[in-house]
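Mapping to the working numbering: the sequence shown position 129 is 131, numbers consecutive.
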Amino acid sequence: MTPAEPIPGPLRRRARLPLVWGRRHSWTDLAVLAGWRVQRHAIDQSCRLVGPDGVVRRIGTAEACLAGLPRLPRPRKHMAVLLHGLSCRPESMHEYERAMAAAGLSAVSICYASTLGDMPQHLEAIDQALTFLADHGVRSLSFVGYSLGGLLVRMLTGRDRTPWSDRMAVRRAVLVATPNRGASLAEFFARTPFLGLMGPCAAQIRPEPVRTLPPPGCGFATIAAGRGDARCGWNPLLDGDNDFVVRTREAQLDGAGAHLFIRSTHTGILRHAGAADAAAAYVRTGRLG
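Below, the structure written as structure tokens:
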């Protein structure tokens with residue numbers, strides 16, 4: 003099979019997105035629009051073209067896969083970009099995609115191999131996906147980042163210059179259950195072998211590295227999760243209220259234009275309609291509801 007040759011029909015079923023945990027988390031988007039994705043494998047650097055139905059349509063070089071894209075519909079001028087968290091997939095942001103659509107907004111959820119690279123590597127790949135949006139007519143962005151995705155939003159928008167900043171303005175950002183002051187739970191596990199199992203980013207979300215990150219370079223809001231009890235949260239290893247992974251106060255960030263507390267766990271906030279609707283409202287109006 004040559005790099006530019008489409009996958010034959012009988013093989014397409016075998017080439018569907020794999021269900022094994024490690025393999026599902028091995029791909030990073032280089033381009034995403036209208037359900038189509040050009041992705042690069044984090045280990046062997048091979049690329050593939052995936053259709054909206056989840057079927058791999060082409061394999062080979064990035065150039066060959068990009069050339070295999072159909073004629074894509076022209077997107078709206080403004081796009082909400084959703085970034086998932088550590089050990090997550092873009093599908094985890096489905097509730098936020100629903101909320102954006104209900105608010106009349108266009109959104110794309112970008113995939114990155116969160117456990118197989120460090121934050122600068124993810125930043126470089128996301129820059130490529132954003133440049134693709136600029137090439138196709140998007141002229142302004144808003145971001146919604148969950149957990150690690152929120153820290154990447156800070157890095158993406160807090161720079162003086164980006165590969166796409168001349169063509170796309172950044173309007174707003176929402177940081178959902180993001181360890182904006184660093185995750186003390188990561189500091190706890192840094193003394194054990196378990197932290198390394200989550201990849202390089204797990205060490206980069208400890209309080210000391212996070213303190214060096216810039217704030218978002220736009221108006222932003224924060225959404226924190228927890229139990230609603232200042233004495234004890236969902237995780238007894240963390241003092242004070244927490245969402246089992248991030249302390250409630252760790253999700254706060256100076257300079258936020260709005261802040262919302264949601265009674266939920268760290269993963270539960272991904273399925274929380276109220277949190278998703280609030281994020282969409284902020285992207286659309288600059289207010290959390």
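Every residue, glycine too, gets a C-beta built ideally from N, C-alpha and C.
Quick caveat: nothing in here was measured; it's all calculated off a predicted structure.
Best match in the options for proximity to residue i [C-alpha to C-alpha]
i      : options                           : result
Cys220 : Cys113, Leu35, Val172 and Asp55   : Val172
Glu210 : Ala185, Ala131 and Trp38          : Ala185
Asp245 : Pro238, His268 and Ala101         : His268
Pro181 : Cys49, Leu153 and Ala223          : Leu153
Asp46  : Gly53, Leu199 and Ile61           : Ile61
Phe190 : Cys234, Pro238 and Asp168         : Pro238
Cys203 : Thr214, Arg91 and Leu118          : Leu118
Gly37  : Glu252, Thr194, Met102 and Leu71  : Leu71
Arg39  : His96, Leu135 and Pro122          : Leu135
Thr224 : Thr214, Ser142 and Thr250         : Thr250
Leu74  : Phe222, Ala226, Pro92 and Gly53   : Gly53
Val83  : Leu125, Arg59 and Leu143          : Leu143
Val247 : Ala260, Leu262, His261 and Arg229 : Arg229
Ala253 : Ala131, Ile207 and Glu97          : Ile207
Gly147 : Gly257, Leu187 and Arg91          : Arg91
Ala227 : Leu215, Leu272, His80 and Ala188  : Leu272
Leu215 : Ala188, Asp256 and Arg265         : Asp256
Gly276 : Tyr98, Thr194 and Ala127          : Tyr98
Assumed close pair residue i, residue j - CB separation to whole angstroms, cut-off 8 Å
i      : j      : result
Val176 : Val285 : 7 Å
Arg78  : Ser111 : The Cβ separation is near 16 Å, so there is no contact.
Ala192 : Ala205 : 7 Å
Cys113 : Asp31  : 5 Å
Ser149 : Leu199 : So it is not a contact: roughly 17 Å between Cβ atoms.
Ala115 : Trp29  : 6 Å
Leu68  : Val58  : Their Cβ separation, rounded to whole angstroms, is 15 Å, which puts Leu68 and Val58 out of contact at 8 Å.
Pro218 : Gly160 : 6 Å
Bridge partner(s) assigned by DSSP for residue i
i      : result
Asn244 : Arg249
Arg193 : The partner list for Arg193 (beta bridge, DSSP) is empty, contrary to what the question assumes.
Gln41  : Asp31 and Arg50
Ile264 : Ala227
Leu177 : Gly147 and Thr224
Residue burial classification, residue i (beta-carbon count within 10 angstroms, cutoff 16)
i      : result
Trp23  : Confidence is the limiting factor: at Trp23 the pLDDT is only 38, short of 50, which leaves the residue's position unreliable and the question unanswerable from this model.
Pro20  : Caution is warranted here: a pLDDT of 34 is assigned to Pro20, below 50, making its placement in the model unreliable, and no coordinate value can be reported.
Arg156 : buried
Arg289 : exposed
Glu65  : exposed
Cys49  : buried
Gly235 : buried
Gly11  : The pLDDT assigned to Gly11 is 43, lower than 50, so where the model puts this residue is not dependable; a value taken from the coordinates is nonetheless given after this. By the 10 Å Cβ count, Gly11 comes out exposed.
Asp279 : buried
Gly201 : buried
Pro122 : exposed
Pro165 : exposed
Asp241 : exposed
Asp1   : No information on residue 1 is available, as it lies outside the stretch 3 to 291 that the chain covers here.
Phe196 : exposed
Heavy atom of the ligand SAH within 8 Å of residue i beta-carbon
i      : result
Asp137 : The ligand content of the structure shown is nil, which means the ligand SAH is not present either.
Jot down the residue ranges of each uninterrupted beta strand (DSSP E) in the segment 50-89, minimum 3 residues, whole runs only, in chain order.
Complete beta strand (DSSP E) runs here, min 3: 58-62 and 80-85.
Ranges of the alpha helix (DSSP H) found wholly within the segment 182-234, counting only runs of at least 4
If we require 4 residues or more, the alpha helix (DSSP H) runs fully inside the segment 182-234 come out as 186-191, 202-206 and 209-212.
For the segment 87-172, which segments carrying the alpha helix (DSSP H) assignment without a break, of at least 4 residues, lie completely within its bounds, in sequence order?
Whole alpha helix (DSSP H) segments, 4+ residues: 96-104, 121-137 and 150-159.
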